[in-house]
Every structure is written in C-alpha cells, then in structure tokens.
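Going line by line, the protein sequences match chains A and B.
Mapping of the first sequence onto the working numbering: residues 1367 to 1479, in sequence order.
Mapping of the second sequence onto the working numbering: residues 978 to 1091, in sequence order.
Positions of the beta carbon are idealized from the N, C-alpha and C atoms, including for glycine.
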Amino acid sequence: KAGVTQTPRYLIKTRGQQVTLSCSPISGHRSVSWYQQTPGQGLQFLFEYFSETQRNKGNFPGRFSGRQFSNSRSEMNVSTLELGDSALYLCASSSLQGDTEAFFGQGTRLTVV
Amino acid sequence: AQKITQTQPGMFVQEKEAVTLDCTYDTSDPSYGLFWYKQPSSGEMIFLIYQGSYDQQNATEGRYSLNFQKARKSANLVISASQLGDSAMYFCAMRDFDDYKLSFGAGTTVTVRA
Chain A
1367 KAGVTQTPRY
1377 LIKTRGQQVT
1387 LSCSPISGHR
1397 SVSWYQQTPG
1407 QGLQFLFEYF
1417 SETQRNKGNF
1427 PGRFSGRQFS
1437 NSRSEMNVST
1447 LELGDSALYL
1457 CASSSLQGDT
1467 EAFFGQGTRL
1477 TVV
Chain B
978 AQKITQTQPG
988 MFVQEKEAVT
998 LDCTYDTSDP
1008 SYGLFWYKQP
1018 SSGEMIFLIY
1028 QGSYDQQNAT
1038 EGRYSLNFQK
1048 ARKSANLVIS
1058 ASQLGDSAMY
1068 FCAMRDFDDY
1078 KLSFGAGTTV
1088 TVRA
C-alpha cells in the first residue's frame, strides 16, 4: 500500500512568484491536511480538506490556498511568495476526520530567494 | 485553544537504554487524541503511536509506549532499548474532535550514543 506522496520534494522560487504543491494521500483516505514547518514557528496547521471541502483553516494569509480533488489528491498554492514562506510543507492523510492515525508525506522543502 | 508543551529541547541516551520524552497538553475538550511522531533529518514525519482520551490502557507499539496520565494531562513517550537509528526529532501532537487539526509541541531532539 503506497504511502502519502508529496511532489515536488524540493523547490526554489523567487519572491513574488507563486507555487503549487501536490499531495496524494493513502488510497482510500479522504482527509488531507497541510502543515508548515519552520525553525522559528515550528509546525503550524494550514488547512484541512475532507471530501473536497475545506473544513478547517489555520491562521495564514489569503495567499495560502488549497483544494482537494474527487480522487482525494490535494494541492496547496502560495501566491506572491515572500522570503518567510521558506519552509518544509507537510501533508497528512487520514481515512476519516478524527482518525486515530495521521500519516505524513516526506514533505516539500520550499526555498524562496 | 490547545497547547502542547515539550520541555526537553534535546536529550542524549546510550544505545540499548530506555529514554522518556515528556509531553504535557492543555485542552478543555473531553475527546481528543494524542500522537507521537519521529522526524529524522530527511524531514519525513513518521507516525509512532496514538492514545485516545478515553482509552483505559496505555498504548504500546513495539519499543514505543505512551505513559498517559489523564489527570495530569501528560502523555510521555518511552522508547525502550534505544538504537542508533532512533536519533531524530520527536514531536508530541494532539487532535481534538471538534476541529481535527493536529497541534504540535516544539519537539525534542534525541541523540543515541554508541
């Protein structure tokens, strides 16, 4: 059974550009959530999708957006990139909301220069 | 608001010894779940163990066990028989069943010495 797949693994972007990250959850899982990890702020919740609906959103500016497709794959978009957006972006997959397990992908390391 | 506290920024442990990683949490919700993750230098978050707030027994998964003390709001991870491959960052996280997001502690870096 394949795990959570995040693409790309590494990304370098210039300030002002936009970026799209992808997350394919474990087969059969319908909940996908996104987290940002930085040395200064630690792990912070971005948003969660369940059956194509955004159910929860963290305290991030509107430049951060996402969506989930009918096959449960999710994308996260960041527009007008800032240096402070440099981080490891992790997505987690659960079969149901509130599941007893939440499996993460390997993350996408974004560097904004 | 939830809060997870991991007071040990870093720990050293001798190979084959046991190590306890502290985690305290704060929530007013009666239903919640507690998770521990391992993050090696590669960055992937590896799920280790889960404890539900209503679980009567402490969770165990191989060499990992969770010392759950509900009244004290404490969920310490015990790693027995440490191995060199256990060197990593360990995160405690909590999810309540109102909003389902995971809230993480700051993490504890464990270094296993041969």
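For residue i, which of the options has the nearest alpha-carbon?
| i | options | result |
| --- | --- | --- |
| B:Phe1012 | B:Met1071, B:Ala1083 and B:Ser1057 | B:Met1071 |
| B:Leu1061 | B:Ala1083, B:Gly1039 and B:Val990 | B:Val990 |
| A:Ser1417 | A:Glu1448, A:Gly1408, A:Gly1428 and A:His1395 | A:His1395 |
| B:Met988 | B:Pro1007, B:Thr997 and B:Ile981 | B:Thr997 |
| A:Asn1437 | A:Ser1397, A:Cys1457 and A:Gly1406 | A:Ser1397 |
| B:Pro1007 | B:Ser1042, B:Asp1073 and B:Ala1091 | B:Asp1073 |
| B:Gln1033 | B:Phe1024, B:Gly1039 and B:Leu1043 | B:Leu1043 |
| A:Tyr1415 | A:Ala1368, A:Ser1390 and A:Thr1477 | A:Ser1390 |
| B:Gly1082 | B:Cys1069, B:Thr1088 and B:Ala1058 | B:Cys1069 |
| A:Leu1449 | A:Ser1393, A:Glu1441, A:Lys1379 and A:Gln1472 | A:Lys1379 |
| B:Val1087 | B:Asp1076, B:Ala1065 and B:Ser1019 | B:Ala1065 |
| A:Gly1424 | B:Ser1019, B:Phe1045, B:Ser1080 and B:Thr1085 | B:Ser1080 |
| A:Asn1422 | B:Asp1076, B:Thr982 and B:Leu1054 | B:Asp1076 |
| A:Ser1393 | A:Leu1476, A:Arg1475, A:Gly1369 and A:Arg1381 | A:Gly1369 |
| A:Thr1466 | B:Thr1085, B:Gln1028 and B:Lys1047 | B:Gln1028 |
| B:Val1055 | B:Lys1047, B:Ser1019 and B:Tyr1067 | B:Tyr1067 |
| B:Asp1063 | B:Thr982, B:Val1089, B:Tyr1031 and B:Ile981 | B:Val1089 |
| B:Tyr1014 | A:Leu1476, A:Arg1381 and A:Phe1470 | A:Phe1470 |
If the cut is a Cβ gap below 9 Å, which residues of chain E does residue i touch?
| i | result |
| --- | --- |
| A:Glu1467 | Among the protein chains of the structure shown, namely A and B, there is no chain E. |
Please confirm whether residue i and residue j have their CB atoms less than 7 Å apart.
| i | j | result |
| --- | --- | --- |
| B:Lys1078 | A:Phe1426 | no |
| A:Val1444 | A:Val1385 | yes |
| A:Leu1409 | A:Tyr1455 | no |
| B:Glu994 | B:Ala1091 | no |
| B:Asp1092 | B:Gln1016 | As shown, chain B starts at 978 and ends at 1091. That puts residue 1092 of chain B outside it, with no answer to give. |
| A:Arg1433 | A:Thr1446 | no |
| B:Lys1050 | B:Tyr1009 | no |
| B:Ala1058 | B:Arg1040 | yes |
| A:Gln1472 | B:Glu1021 | yes |
| B:Ile1026 | B:Ala1036 | yes |
| A:Ala1468 | A:Ser1461 | no |
| A:Gln1420 | A:Ala1453 | no |
| A:Gln1383 | A:Thr1474 | no |
In the DSSP output, which residue or residues are listed as bridge partners for residue i?
| i | result |
| --- | --- |
| A:Thr1477 | A:Ile1378 |
| A:Phe1426 | According to DSSP, A:Phe1426 bridges with nothing at all. |
| A:Gln1407 | Partner(s): none; A:Gln1407 has no beta bridge. |
| B:Gln1016 | B:Met1066 |
| B:Leu1025 | According to DSSP, which records beta bridges pairwise, B:Leu1025 is partnered with nothing at all. |
| A:Asn1443 | A:Thr1386 and A:Ser1431 |
| B:Arg1090 | B:Gln991 |
| B:Asn1044 | B:Asn1053 |
| A:Tyr1401 | A:Phe1411 and A:Leu1456 |
Does DSSP classify residue i as helix, strand or coil?
| i | result |
| --- | --- |
| B:Asp1075 | coil |
| A:Gly1369 | coil |
| B:Asp1006 | coil |
| A:Gly1450 | helix |
Kindly give me the distance between the Cβ atoms of residue i and residue j, rounded to whole angstroms, as I take these residues to be in contact under 8 Å.
| i | j | result |
| --- | --- | --- |
| A:Ala1458 | A:Tyr1376 | The pair is not a contact, with the Cβ atoms about 20 Å apart (cut-off 8 Å). |
| B:Lys1047 | B:Ser1019 | Incorrect: roughly 34 Å between the Cβ atoms, too far for contact. |
Given 6 Å as the limit, tell me if residue i has its C-beta closer than that to any heavy atom belonging to the ligand GDP.
| i | result |
| --- | --- |
| B:Asn1035 | Within the structure as shown, the ligand GDP is missing, as the structure has no ligands at all. |
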